[in-house]
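Protein chains in written order, with the numbering used here: chain P, 57 to 482; chain C, 57 to 482.
Yeah, the Cβ is synthetic: ideal placement off N, Cα and C, and Gly gets one too.
Below is one structure, written out as structure tokens; comments come after it.
There are 2 protein chains.
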Amino acid sequence: MKKVGLAILGLGVVGGGTYHILTEHREFYQKTQGVDISVENVLEINRERALALGIPEEKIASNIAEVVTNPDVNIVVEVIGGVGVAREFVLAALNAGKTVVTSNKELVCKYSHELEHAAKAHNAGLYFEASCVGGVPIIRTLLDGVQANHITSMMGIINGTTNYILTKMSNGGESYESALKEAQRLGYAEADPTSDVEGYDAAYKLSILSSLAFHTKVPLSEVSREGISSVTQEDIADGKKLGYCIKLLAIGKQTKDGIEVRVHPTFVKADHPLAAVNDSFNAVYITGDSVDDVMLYGRGAGALPTGSAIVSDVIFAATHAENKYSTFKNEEKAEKGVKFAKDYRSAYYLRISATDKTGVFAKITSILGSNNISLDEVLQKVSDENDRATITLVTHETHETAIHNAVSKINALEVASVERVLRVVS
Amino acid sequence: MKKVGLAILGLGVVGGGTYHILTEHREFYQKTQGVDISVENVLEINRERALALGIPEEKIASNIAEVVTNPDVNIVVEVIGGVGVAREFVLAALNAGKTVVTSNKELVCKYSHELEHAAKAHNAGLYFEASCVGGVPIIRTLLDGVQANHITSMMGIINGTTNYILTKMSNGGESYESALKEAQRLGYAEADPTSDVEGYDAAYKLSILSSLAFHTKVPLSEVSREGISSVTQEDIADGKKLGYCIKLLAIGKQTKDGIEVRVHPTFVKADHPLAAVNDSFNAVYITGDSVDDVMLYGRGAGALPTGSAIVSDVIFAATHAENKYSTFKNEEKAEKGVKFAKDYRSAYYLRISATDKTGVFAKITSILGSNNISLDEVLQKVSDENDRATITLVTHETHETAIHNAVSKINALEVASVERVLRVVS
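Right under this line is the structure:
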């Protein structure tokens, strides 16, 4: 039977989960996968943590050199996170010809070229299913499940923290602040929740997934990003009236104008499959030219779901020696001649506060019309105090710049101001 | 660049779609997959059909021998269907050392051992993603996406025809007969709809998917099967009152009692992700011991979605020469020592017609109680005419045999009869 030796770098939540899965399933993988996977080394600052997991002392390495020179180690699993020592250790492993399996989205997003070069130069594999959407095999699907397709669109709920918060706000009527606190209490959100709630985490993942879907490097700098900290109960209530749920969507599209990549709170029509993705669940909705629509749904985080993705990569690496560069193929084409479309098309929801006088609404619609923006739906609420009215609109599909222009012009009217702009997916 | 020559056997809907995808995307696959895939032969009784697709005359083979002796053909795509010539041609291809990609669920379900032996003996690959759930990469996911898991449960809506009919009956209030006619008019159902509506099609697919998920051959003969032709508007109305949708589910589970495999109309709780799978869409909901719940959703049929699965298999076969026997590993263990659990556990819905007299309900609950069946919910409707009452129950989880026994005993009471039994998934 083929023997594969592993090293695990980092024994935090995911590292511990991965070790647990590997030890619990060792015989199962021998039987079902024909491969004997053993953990030969771990590297963890907190030695007690390793011992508590039952790892024999002689397997606890003192430094990365020990790991990458160990001839019994074939595959190095990196679950440290960040781009400090993780980057250093991953490069050391690749340079020593060890295949790397990582869950590190920031590292893969920011340094994929460097890692790819090192892997290629030393005939090592590089796998990162666990970097995006936890246990959901979205990367395997993009590489080997729908690769016959031109992918035209990808829309994902790929951050569990924000989906949990938005679900709480929508179903429980909670404020953003109170839902965030609950998420922190449950361990879904970190003490400093910025990376999740402001969409950075989703932007990393979107950069990686779009690079694979569109066969070219999609740098993080191209991803437009807007978080959920500005979402209010008024947004949610208006959405419900209009038949929408609010979700933080990561959207990647390839159109004739180029690649568009963006993360923002979005009104999603209530009967869209993504609207039913609640709590901390994640999902990615892919459209391909042959397969049409495909959605993958599951747990986007957690020790065991993420560990499942890591171990699935380990087994794949152990049983498919060929084609380990499947993610590298377009490396050279990454930056040359690729167009990114900043002025993308979308439908929009606008909430406008205006003086409640004859002619004001006509002025607004005239500005919209002169920017080629047509209306799909109008909901007008008259508020008594101060003679102000709140007008809620949903536009047909139009360009982002057209909306920007129209919003500036409406705000320049003394009688009206745009209070909220949200993108809409039907 | 690696060159791969294909033969397509059968140019019906799926064969035509496959040819279309391959010719439209040839350059795209060269660029993105590093492989040049050309169609070197087709085999089709209706020569005109081949010519109409623009296939050059010299590529139209006259018989299977011509195809399997063609040194330019590496991969044979079989999309004829059935177990007559399809079986003969697939065996001829495998025996000639050609890798086979097939969409033929009946063939894979009934003859997997024979095909596997031939493939192994001649060092050929065998791929059949397109045999189950159209363009949805469920087989790739089971083999290479969640293979780190003990799969404990799989629940699928894997027949588009029946899902279309049940959606029409649920949303439009149509009768079974009228919804079936509509499905036939749209080409979703065949003139003889038996294979779809009686669950045979789903049973083939469940046999294949369970064999992969549970790492042992699950023969068709072990699959319990009940179709949707008996579903009435009364079932749908009762379901709605109790908060359920009705779906034809294919369920595979591995419990301590063995493997259970069954296809039947099922009440699915309205907030379950499978409840939102409507019209001709398909979905498979998998539970693994590490990954927890994962769902794949998409088009279960159609020329291009099924063609997408075929071409994805072709590309995978062309770019992963190793491990092409991944589906064969447990071949030898198929029949020995595997337990199948016929007496599975489920929650049940019962509709009982009874004489509307004191003591009758007590008799019924006493029979249920003596079979260890406890009640989750009771809905009693009193009907005026003839002093009959209809009692609707949902039980907690219990054994199938317990329900059978209880139903026999209730029917033996002169005062009550069980009119409907449906399994329930929360």
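C-alpha distance - residue i paired with residue j, whole-angstrom precision
{"i": "S430 (chain C)", "j": "H452 (chain C)", "result": "6 Å"}
{"i": "H328 (chain C)", "j": "D335 (chain P)", "result": "13 Å"}
{"i": "M225 (chain C)", "j": "Y300 (chain C)", "result": "14 Å"}
{"i": "N102 (chain C)", "j": "K303 (chain C)", "result": "38 Å"}
{"i": "E104 (chain C)", "j": "S118 (chain C)", "result": "13 Å"}
{"i": "L65 (chain P)", "j": "V135 (chain P)", "result": "6 Å"}
{"i": "T454 (chain C)", "j": "S402 (chain C)", "result": "6 Å"}
{"i": "G201 (chain C)", "j": "L199 (chain P)", "result": "11 Å"}
{"i": "D252 (chain C)", "j": "T74 (chain P)", "result": "42 Å"}
{"i": "E144 (chain P)", "j": "V347 (chain C)", "result": "29 Å"}
{"i": "N386 (chain P)", "j": "V274 (chain P)", "result": "With a pLDDT of 49 at N386 (chain P), under the threshold of 50, the predicted position of this residue should be treated as unreliable, and no value is reported."}
{"i": "V450 (chain P)", "j": "V480 (chain P)", "result": "8 Å"}
{"i": "E388 (chain C)", "j": "R196 (chain C)", "result": "Because the pLDDT of E388 (chain C) is 49, which lies under 50, any placement of that residue in the model is unreliable, and the number read from its coordinates should be weighed accordingly. Each residue's alpha carbon lies about 22 Å from the other."}
{"i": "P249 (chain P)", "j": "T208 (chain C)", "result": "35 Å"}
{"i": "V123 (chain C)", "j": "L276 (chain C)", "result": "31 Å"}
{"i": "A186 (chain P)", "j": "Q86 (chain P)", "result": "22 Å"}
{"i": "I93 (chain C)", "j": "N160 (chain C)", "result": "22 Å"}
{"i": "E433 (chain P)", "j": "D399 (chain P)", "result": "23 Å"}
{"i": "A245 (chain C)", "j": "K325 (chain P)", "result": "29 Å"}
{"i": "K59 (chain P)", "j": "G229 (chain C)", "result": "59 Å"}
{"i": "L360 (chain P)", "j": "T311 (chain P)", "result": "37 Å"}
{"i": "S382 (chain C)", "j": "I194 (chain P)", "result": "The predicted position of S382 (chain C) is uncertain, since its pLDDT is 48 and thus under 50; a value taken from the coordinates is nonetheless stated next. Distance between the alpha carbons of S382 (chain C) and I194 (chain P) is about 20 Å."}
{"i": "N89 (chain P)", "j": "A445 (chain C)", "result": "The question names Asn, yet the displayed sequence has Gln at residue 89 (chain P). Rounded to the nearest angstrom, the two C-alpha atoms are 57 Å apart."}
{"i": "A235 (chain P)", "j": "G415 (chain C)", "result": "51 Å"}
{"i": "D291 (chain C)", "j": "L265 (chain C)", "result": "29 Å"}
{"i": "P321 (chain C)", "j": "H460 (chain C)", "result": "17 Å"}
Among the options, the one whose alpha carbon lies nearest that of residue i
{"i": "E254 (chain C)", "options": "C:R318, C:T311, C:L298", "result": "C:R318"}
{"i": "F337 (chain P)", "options": "P:F270, P:A365, P:I221, P:S285", "result": "P:I221"}
{"i": "G314 (chain P)", "options": "P:F270, P:S234, P:K154", "result": "P:F270"}
{"i": "Y256 (chain C)", "options": "C:K176, C:L305, C:Y341", "result": "C:L305"}
{"i": "V340 (chain C)", "options": "C:M211, C:H460, C:C165", "result": "C:M211"}
{"i": "G308 (chain P)", "options": "P:T125, P:A332, P:E456, P:I342", "result": "P:I342"}
{"i": "Y353 (chain C)", "options": "P:V192, P:D248, P:D412, P:Q310", "result": "P:V192"}
{"i": "K176 (chain P)", "options": "P:A186, P:K154, P:V164, P:T375", "result": "P:K154"}
{"i": "L150 (chain P)", "options": "P:T88, P:G137, P:S168", "result": "P:S168"}
{"i": "K297 (chain P)", "options": "P:V189, P:Q436, P:L171, P:Q203", "result": "P:Q436"}
{"i": "S409 (chain P)", "options": "P:L469, P:D399, P:V156, P:L360", "result": "P:L469"}
{"i": "L406 (chain P)", "options": "P:A373, P:V438, P:D443, P:F323", "result": "P:F323"}
{"i": "E162 (chain P)", "options": "P:T272, P:K261, P:I120", "result": "P:K261"}
{"i": "E278 (chain C)", "options": "C:S285, C:A247, C:D291, C:A259", "result": "C:A259"}
{"i": "A485 (chain P)", "options": "P:I116, P:L109, P:T217, P:A373", "result": "One cannot answer for residue 485 (chain P) here, as it falls past the ends of chain P, which runs 57 to 482."}
Range covered by the beta strand (DSSP E) that runs through residue i
{"i": "D92 (chain C)", "result": "91 to 99"}
{"i": "N338 (chain C)", "result": "337 to 344"}
{"i": "G243 (chain C)", "result": "Run containing G243 (chain C): none; DSSP gives neither H nor E here."}
{"i": "I207 (chain P)", "result": "207 to 213"}
{"i": "T155 (chain C)", "result": "155 to 158"}
Unbroken alpha helix (DSSP H) run spanning residue i, endpoints
{"i": "K437 (chain P)", "result": "First-last for K437 (chain P): 431 to 438, but that is the beta strand (DSSP E), not the alpha helix (DSSP H)."}
{"i": "E144 (chain C)", "result": "141 to 151"}
{"i": "F372 (chain P)", "result": "359 to 375"}
Beta-bridge pairing of residue i - partner residues as DSSP gives them
{"i": "A410 (chain P)", "result": "P:A445, P:A472"}
{"i": "H455 (chain P)", "result": "P:R401"}
{"i": "D327 (chain C)", "result": "None; D327 (chain C) has no bridge partner."}
{"i": "L65 (chain P)", "result": "P:L99, P:E134"}
{"i": "F396 (chain C)", "result": "C:I315"}
{"i": "F58 (chain P)", "result": "The identity of residue 58 (chain P) in the sequence shown is Lys, whereas the question assumes Phe. DSSP output for K58 (chain P) lists P:V91 as bridge partner(s)."}
{"i": "P321 (chain P)", "result": "P:L304"}
{"i": "M351 (chain C)", "result": "P:Y353, C:Y341"}
{"i": "I48 (chain P)", "result": "Outside the displayed span of chain P (57 to 482) sits residue 48 (chain P), for which this structure offers no information."}
query = Got a sec: which bits of the stretch 196 to 214 of chain P sit with their beta carbon under 8 Å from any beta carbon on chain C, in order along the chain?
reply = R196, T197, D200, G201, V202, Q203, A204, N205, H206
ask   = Residues in the stretch 333 to 351 of chain P with C-beta within 7 Å of chain C's C-beta atoms, listed in sequence order?
value = Listed in sequence order: G344, S346, V347, D348, D349, V350, M351.
query = Closer than 7 Å, Cβ to any Cβ of chain C: which residues of the stretch 278 to 293 of chain P, in chain order?
reply = none
Residues in the stretch 360 to 375 of chain C having any Cβ partner in chain P nearer than 7 Å = L360, P361, G363, S364, V367, S368, I371, F372, T375
task = Please name the residues in the stretch 167 to 185 of chain P whose beta-carbon is closer than 7 Å to at least one beta-carbon of chain C, in chain order.
result = If the cut-off is 7 Å between Cβ atoms, the stretch 167 to 185 of chain P has nothing near chain C.
request  = Using a Cβ-Cβ cut-off of less than 8 Å, list which residues of the stretch 216 to 248 of chain C approach chain P; keep chain order.
outcome  = none
query = When you check each C-beta in the stretch 61 to 77 of chain P against every C-beta of chain C, which residues fall closer than 9 Å?
reply = G73, H76, I77
query = Residues in the stretch 319 to 332 of chain P with C-beta within 7 Å of chain C's C-beta atoms, listed in sequence order?
reply = P329, A332
Interface residues of the stretch 84 to 118 of chain P facing chain C [CB-CB below 7 Å] = F84, T88, Q89, G90
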